[in-house]
Amino acid sequence: MTSRREGSPFAGLSTIALKEAADHMNSIRIHLVMVLVLLTAIGSVYAAIGQIKATVGEDQFLFLRLFTTAQQPLPSFVFFLGFLVPLVAIALGFDAINGEYNRRTLSRVLSQPIYRDALLTGKFMGGLLVIAICLLALWLLVTGLGMLLLGLPPSSEEITRGLAFLFASFVYAGVWLAVAMAFSTIVKSPATSALCALTAWLLFTVFWPMLAPLIAGAVAPVDPLDPLTAVHQIDVQQAIARISPNTLYGETTLALLNPATRSLGLLFTDQLSGALMGAPLPFSLSVALIWPQLAGMIAALLVLFTIAYVSFQRQEIRA
Amino acid sequence: MTTVIEARGLIKRYGRFAAVDGIDLAVEKGEVFGLLGPNGSGKTTTILLLLGLTEPTAGSISVLGLDPLRQPLAVKTRVGYLPDQIGFYDHLTAWENLAYTARLAGVISKEADGRIAGALGRVRLEEVANRRVATFSRGMRQRLGLAEVLVKKAEIAILDEPTSGLDPQSTQELLDLIRELAGEGVTFVLSSHQLAMMQTICDRVALFRRGQVGLVGRVEELTANVLGGTFRIEVETENADLVKVLAGVRHVSGLTPLQDRRWRIDADADVRADVAHHIVGAGGVLHSISMRKATLDEVYVRFFEGENHDVAA
Chain A
0 MTSRREGSPF AGLSTIALKE AADHMNSIRI HLVMVLVLLT AIGSVYAAIG QIKATVGEDQ
60 FLFLRLFTTA QQPLPSFVFF LGFLVPLVAI ALGFDAINGE YNRRTLSRVL SQPIYRDALL
120 TGKFMGGLLV IAICLLALWL LVTGLGMLLL GLPPSSEEIT RGLAFLFASF VYAGVWLAVA
180 MAFSTIVKSP ATSALCALTA WLLFTVFWPM LAPLIAGAVA PVDPLDPLTA VHQIDVQQAI
240 ARISPNTLYG ETTLALLNPA TRSLGLLFTD QLSGALMGAP LPFSLSVALI WPQLAGMIAA
300 LLVLFTIAYV SFQRQEIRA
Chain B
0 MTTVIEARGL IKRYGRFAAV DGIDLAVEKG EVFGLLGPNG SGKTTTILLL LGLTEPTAGS
60 ISVLGLDPLR QPLAVKTRVG YLPDQIGFYD HLTAWENLAY TARLAGVISK EADGRIAGAL
120 GRVRLEEVAN RRVATFSRGM RQRLGLAEVL VKKAEIAILD EPTSGLDPQS TQELLDLIRE
180 LAGEGVTFVL SSHQLAMMQT ICDRVALFRR GQVGLVGRVE ELTANVLGGT FRIEVETENA
240 DLVKVLAGVR HVSGLTPLQD RRWRIDADAD VRADVAHHIV GAGGVLHSIS MRKATLDEVY
300 VRFFEGENHD VAA
């Protein structure tokens with residue numbers, strides 16, 4: 000349309016966001032996944048504390064070990080979070096739009112003086128708000144548990160890294176919320192959109208790490224006479240793996256919570272000459288290291304939200 | 000009278016199919032206007048176009064002097080809409096549902112409480128205000144929808160199939176409410192295929208056929224135009240030869256004997272008094288005399304005669 004519309008597209012945005020957040024906070028669905036996340040978090044952190052106490056030795060970043068230490072058979076807190084945060088986000092968003100269609104509330108809500116933009120953006124904001132509250136609570140819980148059981152306060156560097164980790168987790172959850180909401184606008188049935196989102200989740204968290212080497216092997220075969228082809232194959236494999244937000248999140252947390260991480264790719268020995276192995280990087284350099292990963296996740300979030308937005312704007316309201 | 004809704008040459012195409020194919024409408028302030036027609040004849044699409052919820056392919060609309068395409072928020076602030084098969088958030092109470100839409104409509108919260116209480120009282124739902132809508136019957140949901148229009152203080156209320164699926168008592172209650180509100184100056188646009196109900200409540204109706212408006216006018220005008228202004232009077236009488244008795248009576252155009260002492264008189268005016276006078280004057284015994292008004296149903300059937308409804312739907 001060439002004609003200009005009058006009125007703010009943000010009218011009603013905060014009303015919708017707060018209502019959505021309140022609905023989520025009261026819904027059994029969210030309670031269930033949150034209990035699951037909480038139990039795994041406490042379990043893995045408790046196990047990590049046991050492991051840390053058993054290890055004699057000095058560590059500058061003891062608090063960050065809380066998040067990354069794994070004790071068999073439990074994986075680390077970070078691993079659990081990477082696995083379960085998408086589930087929380089999908090539970091929040093899979094029926095955002097098609098649920099309104101099915102309850103026949105969409106046309107009634109849109110007949111109020113708001114634009115469609117406000118409904119979709121408001122629902123996204125509401126979901127993000129819930130995620131932010133949950134992640135913050137979880138982070139504080141883990142930090143508190145660490146202080147109680149280790150008897151040590153975290154250093155300022157550890158808090159900064161912890162907050163950056165919190166932000167990365169938030170963006171990662173936002174990506175999956177956008178995935179779920181995109182499916183909820185494209186697919187008409189909530190059950191189908193939930194399955195689509197869960198399929199994407201399984202594909203990227205479980206199967207993608209297995210698929211990436213296979214695809215890389217086919218795309219860039221290794222020539223035994225040329226060692227550089229092996230390097231090339233690893234590069235390709237890494238590029239493919241990084242399509243998955245799970246990989247990006249994993250690399251981000253690795254660099255943030257493990258200050259000794261110097262590179263997320265291949266390094267040649269000559270590149271390491273003069274480096275103090277095991278010496279921690281300052282926070283700013285760790286952030287510089289994960290900057291592309293973080294930017295990639297934010298870009299994915301924006302692209303997915305745009306897909307949902309365009310598809311919603313083009314839809315006919317009538318059910 | 001001022002025109003509050005005006006549509007000219009409205010066209011809405013979905014692909015090659017024209018759901019609305021050149022509609023002209025004018026609704027006056029304070030009237031109850033009915034959109035009638037079979038399913039799929041373009042009533043709901045017309046309503047969505049009026050609200051700016053969908054864009055017309057061609058044509059112009061003006062609602063309260065505003066363009067729903069360019070000023071949708073201003074239009075939607077002043078127009079209330081009750082969609083077909085209205086839905087509410089089942090996990091919220093009636094009050095919470097209204098409070099949510101009141102906030103969306105920009106009613107400030109101090110004022111909203113008073114308006115919601117008043118509206119729920121008007122539609123007789125104040126006792127269940129704090130019950131979850133999941134427990135509500137269909138009739139209660141429709142009344143709650145009307146309460147939403149009240150909370151918004153809408154100048155125009157557009158109701159899509161408001162009585163479909165309601166039992167007779169709920170229908171009556173809803174119609175009484177609509178009549179009451181119309182008396183207070185709210186303009187109503189109703190769509191329905193339940194003609195008997197439309198006949199009792201609408202000031203004017205528009206008959207839709209395949210995305211076009213076939214006829215517009217007052218119910219009496221339509222019956223007169225379509226059915227040729229026939230009045231059918233039935234009398235039950237004894238000791239009178241009606242053929243002779245009614246020979247000189249004006250307006251009578253036909254006389255048909257029915258079974259036992261009953262006759263049908265076709266006339267082009269209400270001649271009941273005349274007929275009774277003549278029968279009694281001729282020494283006959285008049286047991287009953289009644290006139291059947293032409294109904295919208297007859298108009299509708301006559302108008303859509305030969306129409307293939309499967310094609311229309």
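Just so you know, the protein sequences line up as chains A and B, in that order. Read in order, the letters of the first sequence correspond to residues 0 to 318 in numbering that gives the first Met the number 0. Read in order, the letters of the second sequence correspond to residues 0 to 312 in numbering that gives the first Met the number 0. Every residue, glycine too, gets a C-beta built ideally from N, C-alpha and C. Model, not experiment: these values are computed from the prediction.
Reduced DSSP category for residue i - H, G, I as helix; E, B as strand; rest coil
i	result
T229 (chain B)	coil
E19 (chain A)	helix
Y88 (chain B)	coil
S226 (chain A)	According to the sequence shown, residue 226 (chain A) is Pro rather than Ser. It is helical.
A311 (chain B)	Per-residue confidence for A311 (chain B) stands at a pLDDT of 41, beneath the threshold of 50, marking its modelled position as unreliable; no derived number is given.
S262 (chain A)	coil
K388 (chain B)	Only positions 0 to 312 of chain B appear in the structure, and residue 388 (chain B) is not among them; the question remains open.
R261 (chain B)	strand
I22 (chain B)	strand
M0 (chain A)	Reliability fails at M0 (chain A), whose pLDDT of 44 lies under 50, so the model's placement of it is uncertain and the value that follows must be treated cautiously. Coil.
Y114 (chain A)	coil
Neighbour-count burial assignment, residue i, 16 or more Cβ in a 10 Å radius
i	result
K151 (chain B)	buried
V141 (chain A)	buried
T305 (chain A)	exposed
Q141 (chain B)	buried
T45 (chain B)	buried
S106 (chain A)	buried
G8 (chain B)	exposed
T134 (chain B)	exposed
Q292 (chain A)	buried
L257 (chain B)	exposed
G121 (chain A)	buried
A312 (chain B)	Any answer about A312 (chain B) is weak, because its pLDDT of 38 lies below 50 and its placement is not dependable; what the coordinates show is given next. With fewer than 16 Cβ atoms within 10 Å of its Cβ, A312 (chain B) is classed as exposed.
Residue from the options with nearest C-alpha to residue i
i	options	result
G210 (chain B)	B:L24, B:T1 and B:T2	B:L24
A259 (chain A)	A:V235, A:S285 and A:E250	A:S285
A229 (chain A)	A:L38, A:P212 and A:S155	A:P212
R314 (chain B)	B:D83, B:F135 and B:E179	For chain B, the structure presents residues 0 to 312; residue 314 (chain B) sits outside this window and is missing.
L65 (chain B)	A:L227, A:R313 and A:R4	A:R4
G39 (chain B)	B:I60, B:G51 and B:Y13	B:Y13
R28 (chain A)	A:S13, A:G6 and A:L86	A:L86
G98 (chain A)	A:S183, A:M209 and A:C195	A:S183
Q193 (chain B)	B:I177, B:G216 and B:L165	B:L165
L35 (chain A)	A:T14, A:M24, A:L80 and A:T68	A:L80
G51 (chain B)	B:R69, B:G41 and B:D269	B:R69
F93 (chain A)	A:A21, A:E157 and A:T191	A:T191
V38 (chain A)	A:L83, A:I239 and A:S310	As written in the sequence, residue 38 (chain A) is Leu, which differs from the Val given in the question. The option with the nearest alpha carbon to L38 (chain A) is A:L83.
S13 (chain A)	A:T67, A:F123, A:A53 and A:Y45	A:F123
V242 (chain B)	B:I264, B:Q258, B:I232 and B:L221	B:I264
V148 (chain B)	B:E235, B:E126, B:T56 and B:L176	B:L176
W175 (chain A)	A:T104, A:A199 and A:R102	A:A199
Residues of its chain near residue i, where Cβ-Cβ distance is below 8 Å and the 5 sequence neighbours each way are ignored
i	result
G49 (chain A)	Q70
G42 (chain A)	L73
V212 (chain B)	I22, D23, L24, A205 and L206
T1 (chain B)	E27 and K28
L109 (chain A)	R115, L118 and I316
T92 (chain B)	A128, N129, R130, R131 and V132
Cβ neighbours of residue i in the same chain (closer than 7 Å, five flanking residues each side left out)
i	result
H231 (chain A)	A219
Q346 (chain A)	In this structure chain A extends from 0 to 318, so residue 346 (chain A) is not present and cannot be described.
W138 (chain A)	G161 and L165
I85 (chain B)	R140, Q141 and G144
F302 (chain B)	L206, G213, L214 and V225
P67 (chain B)	L49, L50, G51, I60 and V74
6 Å CB neighbourhood of residue i in its chain, flanking five on each side removed
i	result
A181 (chain B)	V31 and F187
D202 (chain B)	E30 and V31
L63 (chain B)	V3 and R77
D309 (chain B)	With a pLDDT of 48 at D309 (chain B), under the threshold of 50, the modelled position of this residue cannot be trusted; read the value that follows with caution. Closer than 6 Å at the Cβ level, and outside the excluded window around D309 (chain B), lies no residue.
beta-carbon residue i near the ligand ADP non-hydrogen atom, thresh 7 Å
i	result
E157 (chain A)	For the structure depicted, the ligand ADP is absent and the ligand set is empty, with no information on it obtainable.
Give me the subset of the region 79 to 90 of chain B whose CB atoms are less than 9 Å from a CB atom of chain A, sorted by chain position.
G79, Y80, L81, P82, D83, Q84, I85, G86, F87, Y88, D89 and H90
If the cut-off is 8 Å on Cβ atoms, which residues from the region 94 to 114 of chain B count as contacting chain A, listed in chain order?
Listed in sequence order: Y99, T100, R102, L103, A104 and G105.
Between the region 40 to 56 of chain B and chain A, which residues of the former have a C-beta closer than 8 Å to a C-beta of the latter?
T43, T44, L47, L50, L52, T53 and E54
Near-chain B residues of the region 109 to 136 of chain A (beta-carbon distance less than 8 Å), N- to C-terminal order
L109, S110, Q111, P112, I113 and Y114
Please list the residues of the region 56 to 72 of chain B that have a C-beta atom closer than 7 Å to any C-beta atom in chain A, keeping them in chain order.
Here the close residues are L68, R69, Q70, P71 and L72.
What are the residues in the region 143 to 163 of chain B lying within 7 Å of chain A by C-beta distance?
none
Interface residues of the region 8 to 20 of chain A facing chain B [CB-CB below 7 Å]:
A10, G11, T14 and K18
Can you list, in chain order, the residues of the region 176 to 189 of chain A whose Cβ is nearer than 7 Å to any Cβ on chain B?
none
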